[in-house]
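Protein chains in written order, with this note's numbering: chain H, 636 to 756; chain B, 827 to 1196.
See structure below.
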Amino acid sequence: MRFTKDHEWVAVEGDIATVGITAYAAEQLGDVVFVEVPEIGKTVKQGEGLAVVESVKAASDVYAPVSGEVVEANAALGDSPETVNAVPETGGWFAKVKLSNPAEVEALMDRDAYEAFLSTL
Amino acid sequence: MSDQVLKKTPLFDAHVALGARMVPFAGYAMPVQYRDGVLKEHLWTREHAGLFDVSHMGQARIRGADPAKSFEKVVSADYQGLKPGKQRYGVLLNDQGGIIDDLMTARPDEDGLFVVVNGACKDNDYAIIAAALEGEATVERLEDRALLALQGPEAAAVLAAHVPAAAEMVFMDTAALTAFGVDAIISRSGYTGEDGYEISVPAAEATRIWNTLLQDERVRPIGLGARDSLRLEAGLPLYGHDLDETVSPIEAGLNFAIGKRRREAADFPGAARIGAELAGDLKRIRVNLKVLEGAPAREGAQIADATGAVIGVVTSGGFGPSFGGAIAIGFVPPAQAALGETLNVIVRGKSQAAQVVASPFVPNRYVRKL
């Protein structure tokens, strides 16, 4: 699993990257009450908005940690947005993206680097 | 704003000790939530009793030969007719009939009027009130007092254990009395739609009283995040969002804030506009919207009619935890404000159906008689 400074995670299998937000991000957001996942077929560039999570307080963008085409979205979050809080780094994933530039993944932080980054916040 | 030093309420250390997440609000470092989080804090207040620090709000005394008569120069409510021991909502108006602030005014005792105004507005409010009343009445800021709110269906039982007289009060009663061993001003009112109290106490004793109330297992600390979702569900407008200097009390649906005697006398700032609006010349009016599909519509989201034409804007919106869905407050032309009217809210470019519904979203539980 790789991580961004915006607290997204990416898990890559073959050329498919599953994207979610980290446990830290889910904790900071508070109770998620609505999730907007991307449409399948949408092409995203690294750093662009991929999904939106809403807490009682506010809406927050989830940025695409990698570029590619959305091939699957976690539609179950529509009925159970609280999954993002319960299991942010597994069942609370937002979308699967077919990588257009796999090198982007290598430039992201690994778990140790992300933990070190969190300790600076 | 970020380089400005935030002020602290007398309860700052208590909030930090409770694990609050502190954020800037109205120039103060305030708790937006505690460890429970906004959702649980909201639901706890609706089921039990929530304790809020609202010491950022302005507390003041207006004193003079006839303080109510003097104060009426700048506010819309009938304060000369305010009975001892009662509190009444009002709006501070500019010459165009726009709302400078909304406030509560009480006669807890013989010492003039006791006024509570919004924290973000207080400096401006006091300057305007002092200037308008110069020579006949004075405004004294009560900087050495804290303000707590205890809200929820169990608030009355909790407070009665410490202050038996509180049980004898009804909605909008206000009393100056000795409570928790200090001179307190207590009103049976609040900003959640629930029964409850606002409790003004000396700043030096605030932490002791806060902790005393928290020792009751029915009471939990509640942050500003839940305060906002609670007041939104209660259909209560928030200054700086739903109300500002361009919005009149009639547009905001606050007709009750203009006393009958005041209406007839038309003796308040902006009376010409407000009179015309009362007679039907109204361009926009506040509505409650239930968002029927999709994401919560938040402040700034456009409101469109069935043809797609933009007719208004959302001024507060979010998710109502007790309502169980997305709700919003906004302004639209009166022709499109009828209950049941189907409109659209535009969220991130998407048009989502929304319906005009009655206020409040969640029924009030004020105790109007014992």
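All C-beta atoms, glycine included, are put in the ideal place defined by N, C-alpha and C.
Predicted model only: the values in this text are computed from it and were never measured.
N-terminal and C-terminal residue of the beta strand (DSSP E) that residue i is part of
| i | result |
| --- | --- |
| Val740(H) | Where Val740(H) is concerned, there is no enclosing beta strand (DSSP E), although the alpha helix (DSSP H) it sits in stretches over Ala738 to Glu741. |
| Ser1185(B) | Per DSSP, Ser1185(B) belongs to no beta strand (DSSP E) and is neither H nor E. |
| Tyr698(H) | Ala694 to Tyr698 |
| Ala1154(B) | Gly1151 to Val1158 |
| Ala972(B) | Arg971 to Gln977 |
| Ile890(B) | Checking the sequence, you will find Gly at residue 890(B) rather than Ile. Counting along the chain, the beta strand (DSSP E) containing Gly890(B) begins and ends at Gly884 to Gly890. |
| Lys1116(B) | Ile1111 to Val1117 |
| Thr964(B) | Ala963 to Arg967 |
| Pro850(B) | Arg847 to Phe851 |
Start and end residues, alpha helix (DSSP H) containing residue i
| i | result |
| --- | --- |
| Asn944(B) | Careful: Asn944(B) lies outside any alpha helix (DSSP H) and carries neither H nor E. |
| Ala658(H) | Ala658 to Leu664 |
| Glu1059(B) | Leu1050 to Glu1059 |
| Leu1039(B) | Ala1032 to Leu1040 |
| Thr871(B) | Val864 to Glu873 |
| Ile1100(B) | Ala1097 to Leu1104 |
| Lys1086(B) | Lys1086 to Ala1091 |
| Glu750(H) | Arg746 to Leu753 |
| Val984(B) | Ala981 to His988 |
| Pro893(B) | Pro893 to Phe897 |
| Ala840(B) | Phe838 to Ala843 |
Residue nearest to residue i in terms of C-alpha spacing, selected from the options
| i | options | result |
| --- | --- | --- |
| Pro910(B) | Leu1058(B), Met998(B), Val1139(B) and Arg1174(B) | Met998(B) |
| Gln977(B) | Leu877(B), Leu1040(B), Glu1103(B) and Val864(B) | Leu877(B) |
| Pro1095(B) | Ile926(B), Arg872(B) and His874(B) | Ile926(B) |
| Leu899(B) | Pro1028(B), Tyr1023(B) and Ala963(B) | What sits at residue 899(B) in the sequence shown is Lys, not Leu. Comparing Cα positions, the closest option is Ala963(B). |
| Gly1166(B) | Pro1189(B), Ala987(B), Glu1031(B) and Ala1184(B) | Ala1184(B) |
| Ala693(H) | Val858(B), Trp870(B) and Ala1163(B) | Val858(B) |
| Pro1159(B) | Ala1152(B), Leu1169(B) and Thr931(B) | Leu1169(B) |
| Glu1031(B) | Ala957(B), Ala1083(B), Lys866(B) and Leu973(B) | Leu973(B) |
| Tyr698(H) | Asn720(H), Gly665(H) and Thr657(H) | Thr657(H) |
| Glu1059(B) | Lys1176(B), Ser1142(B), Gly1066(B) and Ala840(B) | Ser1142(B) |
| Ser1177(B) | Glu1125(B), Leu1118(B), Gly1022(B) and Arg1194(B) | Leu1118(B) |
| Gly922(B) | Ile888(B), Pro1075(B), Val1182(B) and Tyr1192(B) | Note on identity: in this sequence residue 922(B) is Gln, with Gly being the wrong assignment. The residue with the shortest Cα to Cα distance from Gln922(B) is Pro1075(B). |
| Asp879(B) | Ile1025(B), Ser1013(B), Ser902(B) and Ala993(B) | Ile1025(B) |
| Leu1039(B) | Ala986(B), Gln1181(B), Gly1101(B) and Gly924(B) | Ala986(B) |
| Asn920(B) | Val901(B), Ala993(B) and Glu867(B) | Val901(B) |
| Gly649(H) | Leu753(H), Ser754(H), Val740(H) and Phe752(H) | Val740(H) |
| Gly786(B) | Val1113(B), Arg1057(B) and Ala1130(B) | The requested residue 786(B) is not part of the displayed model; chain B covers only 827 to 1196. |
| Gly682(H) | Val691(H), Lys640(H), Ile651(H) and Gly726(H) | Lys640(H) |
| Ala1198(B) | Pro893(B), Glu1071(B), Asp1068(B) and Asp1107(B) | Missing from the structure shown is residue 1198(B); chain B here goes from 827 to 1196 and no further. |
| Arg1087(B) | Lys895(B), Tyr860(B) and His841(B) | Lys895(B) |
| Asp1131(B) | Pro1147(B), Ala1102(B), Ala1164(B) and Ile1100(B) | Ala1164(B) |
| Gly684(H) | Val691(H), Glu671(H) and Ser690(H) | Glu671(H) |
Sub-8 Å separation of residue i and residue j beta-carbons
| i | j | result |
| --- | --- | --- |
| Trp644(H) | Glu704(H) | no |
| Pro979(B) | Glu1020(B) | yes |
| Phe669(H) | Met744(H) | no |
| Thr1018(B) | Gln913(B) | no |
| Pro1005(B) | Val984(B) | Correcting the residue type first, residue 1005(B) is Ala in the shown sequence and not Pro. No; because the gap between Cβ atoms is not below 8 Å, this pair is not in contact. |
| Arg967(B) | Tyr952(B) | yes |
| Ile1048(B) | Thr835(B) | no |
| Arg1034(B) | His874(B) | no |
| Val1188(B) | Phe1149(B) | yes |
| Ala1052(B) | Tyr1023(B) | no |
| Asp949(B) | Tyr1065(B) | no |
| Val1193(B) | Arg1046(B) | no |
| Val1173(B) | Leu1115(B) | no |
| Ile888(B) | Gly938(B) | yes |
| Val1140(B) | Gly1156(B) | yes |
| Val917(B) | Ala1083(B) | yes |
| Pro717(H) | Val667(H) | Position check: residue 717(H) holds Glu in this sequence, whereas Pro was assumed. Contact flag set, yes. |
| Ala686(H) | Pro673(H) | yes |
| Pro1147(B) | Leu959(B) | no |
Per DSSP, the bridge partner or partners of residue i
| i | result |
| --- | --- |
| Phe669(H) | Glu689(H) |
| Val1045(B) | Ala875(B) |
| Val705(H) | Val732(H) |
| Gly1134(B) | According to DSSP, which records beta bridges pairwise, Gly1134(B) is partnered with nothing at all. |
| Glu936(B) | Its beta-bridge partners do not exist; DSSP assigns none. |
| Ser1013(B) | Thr1000(B) and Glu1024(B) |
| Thr678(H) | Glu704(H) |
| Gln922(B) | Answer is none; Gln922(B) lacks a bridge partner. |
| Ala1127(B) | DSSP, once it has assigned bridges, lists no residue as partnering Ala1127(B). |
| Ser715(H) | None, per the DSSP bridge assignment. |
| Glu648(H) | Ile651(H) |
Residue i beta carbon near the ligand MN (any heavy atom closer than 7 Å)
| i | result |
| --- | --- |
| Leu908(B) | Only the bare structure without any ligand can be found here, which leaves the ligand MN out of the picture. |
Interface residues of chain A facing residue i [CB-CB closer than 7 Å]
| i | result |
| --- | --- |
| Val740(H) | Although the question refers to chain A, the structure presented lacks it and instead comprises the protein chains H and B. |
Can at least three beta-carbon pairs, one atom from the segment 880–896 of chain B and one from the segment 939–950 of chain B, be found at a separation below 8 Å? yes
Is there contact between the segment 724–742 of chain H and the segment 698–714 of chain H, where contact requires at least three CB pairs shorter than 8 Å? yes
Do the segment 845–853 of chain B and the segment 904–924 of chain B meet, that is, are 3 or more Cβ pairs less than 8 Å apart? no
Is it the case that the segment 677–685 of chain H contacts the segment 658–665 of chain H, given that we only count it when at least three CB pairs across the two stretches are under 8 Å? no
Examine the Cβ distances between the segment 1077–1097 of chain B and the segment 1121–1141 of chain B and report whether three or more of them are shorter than 8 Å. no
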